[in-house]
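Read through the structure below, which is laid out as structure tokens, and then see the notes.
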Amino acid sequence: MNEVVVRVRFFAGAAAAAGREEEQLPVPAGTTLDALVERLAGRGPDLAKVLAASSFLLDAVAARPGDELTPGVTLDVLPPFAGG
């Protein structure tokens with residue numbers, strides 16, 4: 003089975019929950035955004051909670067759950083931001 007590598011960037015609370023700001027993840031070709039998010043959520047309850055409330059960008063474009071991940075794509079995980 004072919005794999006694609008996805009660059010995942012975690013911001014703010016997502017980075018804290020993931021324990022990193024960025025990683026490269028190999029996934030099977032044809033993997034969708036929702037499948038990758040489910041895989042990431044399996045790493046622990048803190049990350050799962052943040053992911054459930056996050057928005058996602060694929061190469062700087064708003065992503066939908068069924069979007070297929072393509073080779074070299076960058077996934078940005080954007081948790082809700084608080085500001086003042």
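In our numbering, each residue's number is its place in the sequence shown (first place is 1) plus 2. Backbone N, C-alpha and C fix where the C-beta goes; we use that ideal spot for every residue, glycine too. What you are looking at is a predicted structure, and each value in this text was computed from that prediction instead of being measured.
Report back the beta-carbon spacing between residue i and residue j to the nearest angstrom; my notes put them in contact at under 8 Å.
| i | j | result |
| --- | --- | --- |
| Pro81 | Ser56 | 5 Å |
| Glu25 | Val10 | 5 Å |
| Glu77 | Phe58 | The question names Glu, yet the displayed sequence has Leu at residue 77. Correct: roughly 6 Å between the Cβ atoms. |
| Val75 | Val8 | 6 Å |
Mind checking whether residue i and residue j have CB atoms under 8 Å apart?
| i | j | result |
| --- | --- | --- |
| Leu53 | Leu35 | no |
| Ala19 | Leu38 | no |
| Ala31 | Val79 | no |
Given this structure, state the Cα-to-Cα distance separating residue i from residue j, to the nearest angstrom.
| i | j | result |
| --- | --- | --- |
| Phe12 | Glu23 | 5 Å |
| Asn4 | Pro73 | 10 Å |
| Ala65 | Leu71 | 10 Å |
| Gly68 | Phe83 | 24 Å |
| Pro47 | Ala14 | 17 Å |
Is the Cβ of residue i closer than 8 Å to any Cβ of chain B?
| i | result |
| --- | --- |
| Thr76 | The structure shown contains no chain B; it is built from a single protein chain. |
**Item:** alpha helix (DSSP H) segments (min. 4 residues) lying fully within the stretch 13 to 81
**Value:** 15 to 20, 35 to 43 and 47 to 55
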